[in-house]
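Asker: In my numbering, the protein residues as written are 8 to 201. From the three backbone atoms N, C-alpha and C, an ideal C-beta is built for every residue, glycine too. If you're wondering where the values come from, they're calculated on a predicted model, not measured in any experiment.
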Amino acid sequence: MRYSPEHKAANHEKILSMAARAFREHGGDGSGIGKVMKKAGLTKGGFYRHFKSKDDLFVEAVSQAFDEMGRGMLEAAKSAPEGQGLRGMIEHYLSPRHANSPGAGCVVSALGAELARKPLAVRKRIEASLEAYRERLLPFVPGRTREEKAAKFQLLFPSMAGVLTMARVTSSPQQREQMLTEAKKFFVSNFTEG
Numbered sequence: 008m009r010y011s012p013e014h015k016a017a018n019h020e021k022i023l024s025m026a027a028r029a030f031r032e033h034g035g036d037g038s039g040i041g042k043v044m045k046k047a048g049l050t051k052g053g054f055y056r057h058f059k060s061k062d063d064l065f066v067e068a069v070s071q072a073f074d075e076m077g078r079g080m081l082e083a084a085k086s087a088p089e090g091q092g093l094r095g096m097i098e099h100y101l102s103p104r105h106a107n108s109p110g111a112g113c114v115v116s117a118l119g120a121e122l123a124r125k126p127l128a129v130r131k132r133i134e135a136s137l138e139a140y141r142e143r144l145l146p147f148v149p150g151r152t153r154e155e156k157a158a159k160f161q162l163l164f165p166s167m168a169g170v171l172t173m174a175r176v177t178s179s180p181q182q183r184e185q186m187l188t189e190a191k192k193f194f195v196s197n198f199t200e201g
């Protein structure tokens with residue numbers, strides 16, 4: 008049975024959505040093709056009609072995760088009071104809700120070490136998604152020049168990912184909340200204007 012291009016595209020998006028969540032929840036190695044396809048309501052045999060390899064799926068799913076994350080951060084920035092966009096992003100990123108939802112959260116916090124171990128060709132493709140994410144958020148980072156903003160971004164966002172990772176490791180909800188609260192205060196105080 009032949010499916011329409013629209014049907015194939017819808018299935019492709021369904022696979023990506025399930026993979027983006029599964030990879031963030033269980034890692035790339037912990038999320039086999041069969042499990043992802045089953046969550047998407049499809050058979051494992053149909054995988055290769057959509058992707059050349061698991062690495063291709065991984066790259067596309069990570070790209071989708073960066074896009075989802077970027078939309079959430081932009082929404083937080085735009086809904087913050089005038090001139091407080093970065094503060095809104097920090098508060099959104101370091102929220103208990105984000106810490107408690109790795110499958111829908113930061114791909115760097117969930118997969119950072121795994122991303123670093125991928126082959127160079129895969130890392131280069133993922134780096135393009137990271138650059139697009141950075142470019143979307145850079146306008147909200149204070150600085151006189153683009154270079155100054157980029158330098159602040161490169162310090163702030165990986166640091167927040169580290170805090171989020173450690174908060175997720177912490178088994179005590181109170182300790183997790185305290186860690187997130189203290190980090191928010193620190194980052195707002197040191198990276199925002201006013």
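Determine the direct distance from the alpha carbon of Lys-21 to that of Ala-4, and round the result to whole angstroms.
Answerer: Since the first residue shown for the chain is 8 and the last is 201, residue 4 is missing from the structure and cannot be characterised.
Asker: Assuming contact is defined by CB atoms lying nearer than 7 Å, are Gly-92 and Tyr-140 in contact in what I supplied?
Answerer: No, these two residues do not count as a Cβ contact at 7 Å.
Asker: Is the stretch 142-153 in contact with the stretch 79-87, if contact means three or more CB pairs nearer than 8 Å?
Answerer: As far as the Cβ criterion goes, the stretch 142-153 touches the stretch 79-87, which means the pair count is three or higher.
Asker: Can you give me the Cβ contacts of Leu-23 inside the same chain, cut-off strictly under 8 Å, excluding the 5 residues immediately before and after it?
Answerer: Leu-64, Glu-67, Ala-68, Gln-71, listed in sequence order.
Asker: Within the continuous alpha helix (DSSP H) that includes Gly-119, where are the two ends?
Answerer: 114-124 is the span of the alpha helix (DSSP H), which, as asked, contains Gly-119.
Asker: So, at 7 Å on beta carbons, what are the nonlocal neighbours of Gly-95 in its own chain, with the 5 sequence-adjacent residues on each side left out?
Answerer: Taken in chain order, the residues that qualify are Ala-83, Ala-84, Ser-86, Ala-87.
Asker: What's the gap between the Cα of His-14 and the Cα of Val-43?
Answerer: Cα to Cα, His-14 sits roughly 18 Å from Val-43.
Asker: Tell whether a beta-carbon distance below 7 Å holds between Met-167 and Tyr-100.
Answerer: It is a contact, given that the beta carbons lie within the stated cut-off.
Asker: How far does the alpha helix (DSSP H) with Lys-131 in it extend, from its first residue to its last?
Answerer: Taken as a continuous stretch (DSSP letters only), the alpha helix (DSSP H) holding Lys-131 covers 127-144.
Asker: Starting from the Cα of His-105, find the closest Cα among Thr-50, Gly-150, Leu-122, Gly-79 and give me that residue.
Answerer: It is Gly-79.
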